[in-house]
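Trainee: Sharing a structure below in structure tokens format, with a few things to ask.
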Amino acid sequence: MTEPTPAPAPGSAPFPEPVEGASTSSAAGINSASFPEPDPSFPEPVEGASTSSAAEIGFTAARKAAMSLPRTDRVRTGAPLMDRLQPLLGALVRRVWKLQEHHAERVPTDGPVILAVNHVGILDGPMVVAITPHGQAMAKRELWGNAVLARVLDALGQIPIDRWNPDPGCLRQCIALLRAGRRLVIFPESHRGAGDFARFRRGAAYLALTTGAPVVPVALIGTAIGGTGLRSIPRPGMPVHVVYGLPVAVQAQEWPRTAGEVADLTERLRSVCAQHVQQAQQELGLELH
């Protein structure tokens, strides 16, 4: 027996859930993907059970099914090679630059975590992943255009994302790794810029609502010294700062998650992250770059 599709709240629409092969002409990235309607099912009533008991069993099963959408049980998770190399890579980064981590105790040590990092330089992604145990990051799909680099990134468990078109496969991978209790490094600004979180994509909010993972703001200071590309990388021995903020607790929402819920949480996260960047600069007496 198939469960009736729950009706969205008045004035709201279900936020799209991932499906392989989705496409759109919009260039809004994961913000505009379209997905089909999942179909969780009730279990058959247990023989001898009362009508109310069977209804309770069905409701519980349906709610559990709604919380598990989108399904990720067939998605491979983990990055065993990166997990083995991470201590060495972290030590290398700390040796090359005068890396200082501030308030690292604020990052939860158990369960999934989303690290929402500002993006100012080309060094940001590799450095944060190198110093984050059990961490994986989303990186622009263009990097996979180089066959050798693509193999390295895949081996290290990094996740390609199409920044300009819906990428449900990337979302499923991110949800799966968070459900496995890992840490996801995400750059909500989408590409390098001022690093002040004036722009904030909705992916972090959607992933948090889907998994219940807390979101930790992270401010990077000193990872870019001017110029573009490789010329922006700070010279060896220069100070680089990573400032962690207080985690933002998020309650997991069952399907359907509405676009309004995602938008509201996105603005809340943007405000918290932007304020954290300002506080980090004031605390250290430094500019972002």
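Numbers given in this note's numbering equal positions in the sequence shown, counted from 1, plus 1. We put the beta carbon where it would ideally sit given N, CA and C, even for glycine. Keep in mind it's a predicted model, so treat the numbers as computed, not measured.
#1: In whole angstroms, give me the CA-to-CA distance for residue 72 and residue 174.
#2: Put residue 140 into one of helix, strand or coil per three-state DSSP.
#3: With a threshold of 7 Å on Cβ separation, who are the neighbours of residue 90 within its own chain once the five nearest residues in sequence on each side are excluded?
#4: With residue 218 as the anchor, note down where its beta strand (DSSP E) starts and where it stops.
#5: Count the other CB atoms within 10 Å of the CB of residue 242; is the residue buried (16 or more) or exposed (fewer)?
#6: Determine the closest residue to residue 165 out of 84, 231, 143, 226, with distance taken between C-alpha atoms.
#7: Does the separation of the CB atoms of residue 179 and residue 140 fall below 8 Å?
#8: Quick one: what's residue 77 bridged to in DSSP?
#9: Using DSSP with H/G/I as helix, E/B as strand and the rest coil, what is residue 121?
#10: Quick one: Cα of residue 248 to Cα of residue 200, how far?
#11: Beta-carbon separation of residue 113 and residue 183 under 8 Å?
#12: Below 8 Å on the Cβ atoms is my guess for residue 246 versus residue 277; work out the distance and round it to an integer in Å.
#13: For residue 154, which residues in the same chain have their Cβ closer than 7 Å to its Cβ, ignoring the five residues on either side in sequence?
#14: First and last residue of the beta strand (DSSP E) that includes residue 108?
#15: Flag this pair as yes or no: are the beta carbons of residue 103 and residue 188 separated by less than 8 Å?
#16: With a Cβ-Cβ cutoff of 8 Å, do residue 288 and residue 210 count as a contact?
#17: Under the assumption that residue 185 contacts residue 137 (Cβ atoms under 8 Å), give the Cβ distance between them as a whole number of angstroms.
#18: Under the assumption that residue 270 contacts residue 206 (Cβ atoms under 8 Å), give the Cβ distance between them as a whole number of angstroms.
#19: Of the residues 259, 222, 255, 74, which one's Cα is nearest the Cα of residue 284?
#20: Are residue 218 and residue 117 touching if we call contact CB-CB under 8 Å?
#21: Does the distance from the C-beta atom of residue 172 to that of residue 80 stay below 8 Å?
#22: Can you tell me whether residue 152 is buried or exposed, with buried defined as 16 or more other CB within 10 angstroms of its CB?
#23: Buried or exposed: residue 126, going by 16 or more other Cβ atoms within 10 Å of its Cβ?
#24: Which residues in the same chain have their Cβ closer than 7 Å to the Cβ of residue 97, if we skip the five residues on either side of it in sequence?
#25: Sorted by chain position, which residues of the same chain lie with C-beta nearer than 7 Å to residue 150's C-beta, five sequence neighbours on each side aside?
#26: Have a look at residue 258 and residue 266 and give me their C-alpha separation to the nearest angstrom.
#27: Throw me the rounded Cβ distance for the residue 264 and residue 203 pair, which I believe falls under 8 Å.
#28: Taking only the alpha-carbon atoms, compute the straight-line gap between residue 76 and residue 191 and give it to the nearest angstrom.
#29: Would you call residue 168 buried or exposed, if buried means 16 or more other Cβ atoms sit within 10 Å of its Cβ?
#30: Taking all protein chains shown into account, decide if residue 240 is buried (16 or more other Cβ within 10 angstroms of its Cβ) or exposed.
Mentor: In brief:
#1: 11 Å
#2: strand
#3: 131
#4: Residue range 216 to 222 is occupied by the beta strand (DSSP E) that includes residue 218.
#5: buried
#6: 143
#7: no
#8: Answer is none; residue 77 lacks a bridge partner.
#9: coil
#10: 20 Å
#11: yes
#12: 4 Å
#13: 140, 144, 145
#14: No beta strand (DSSP E) holds residue 108; DSSP gives it neither H nor E.
#15: Going by C-beta atoms, residue 103 is not nearer than 8 Å to residue 188.
#16: For the pair residue 288 and residue 210, the CB atoms are not nearer than the 8 Å cut-off.
#17: 6 Å
#18: 6 Å
#19: 222
#20: yes
#21: With contacts defined as CB atoms closer than 8 Å, residue 172 and residue 80 fail to qualify as a contacting pair.
#22: exposed
#23: With 16 or more Cβ atoms within 10 Å of its Cβ, residue 126 is classed as buried.
#24: When the five nearest sequence neighbours on each side are left out, the beta carbons in the same chain lying within less than 7 Å of the beta carbon of residue 97 are those of 237, in order along the chain.
#25: 144
#26: 12 Å
#27: 7 Å
#28: 24 Å
#29: Label assigned to residue 168: buried.
#30: exposed
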